[in-house]
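Student: I have a structure I would like to understand better, so I am pasting it below and will then ask my questions one at a time.
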Amino acid sequence: MGCCIIAVNDFSSDIMTASAGDDNSTKELKGSFVPFSNALIGVKESLNVMSTTDDITLGFTLELYSRYMLPRYKMCFCRMCKLVEFENATKTLEKAKPKNQEMLQKANDDAEEA
Numbered sequence: 001m002g003c004c005i006i007a008v009n010d011f012s013s014d015i016m017t018a019s020a021g022d023d024n025s026t027k028e029l030k031g032s033f034v035p036f037s038n039a040l041i042g043v044k045e046s047l048n049v050m051s052t053t054d055d056i057t058l059g060f061t062l063e064l065y066s067r068y069m070l071p072r073y074k075m076c077f078c079r080m081c082k083l084v085e086f087e088n089a090t091k092t093l094e095k096a097k098p099k100n101q102e103m104l105q106k107a108n109d110d111a112e113e114a
């Protein structure tokens, strides 16, 4: 976007310079050089505002995205920890002797609820 703005600015300057010459062959055309050059300056300013707005919007979007990703990461980490805890409780329950199974079943149910 920056090189486009520079090109429009250079083109506008070249047209202004061409309108200052004393060549009679382009006398009819010279009257339209200045309005066209002014229009190009307006286009340049418009492009400049658009690129600045896009940069600001991109910055806000990336900041918002990063703020949303951190809680999601924490949530996934907590879920993974609970899943590992549940799997460990299930394995322990399967290996338990019958007299300890009731106590471990309760612990397994508690882990499942979390």
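Under full-length UniProt numbering, the letters of the sequence shown match residues 1 to 114, in that order. Cβ coordinates follow ideal geometry from the N, Cα and C atoms, glycine included. The model shown is predicted, which means the values in this text are computed figures rather than measured ones.
Quick one, are the C-beta atoms of E85 and A111 less than 9 Å apart?
Tutor: Your numbering for residue 85 matches position 85 in the sequence shown. Your numbering for residue 111 matches position 111 in the sequence shown. Yes, the Cβ-Cβ distance between E85 and A111 is below 9 Å.
Student: By the three-class DSSP mapping on this structure, what secondary structure does A96 have?
Tutor: Stepping through the sequence shown from its first residue, residue 96 is reached at position 96. DSSP places A96 in coil when its eight states are reduced to three.
Student: Under 7 Å Cβ to Cβ from T92, same chain only, skipping five residues before and after it: list those, please.
Tutor: Residue mapping note: residue 92 aligns to position 92 of the sequence shown, counting from 1. Contacts found: L104.
Student: To the nearest angstrom, how far is the alpha carbon of N38 from that of E45?
Tutor: As a position in the sequence shown, residue 38 is number 38, starting the count at 1. As a position in the sequence shown, residue 45 is number 45, starting the count at 1. Using only the alpha carbons, I get a separation of about 11 Å.
Student: Straight-line CA distance for N100 to P71?
Tutor: Residue numbering aside, residue 100 sits at position 100 when the sequence shown is read from its first letter. Residue numbering aside, residue 71 sits at position 71 when the sequence shown is read from its first letter. Approximately 39 Å between the Cα atoms of the pair.
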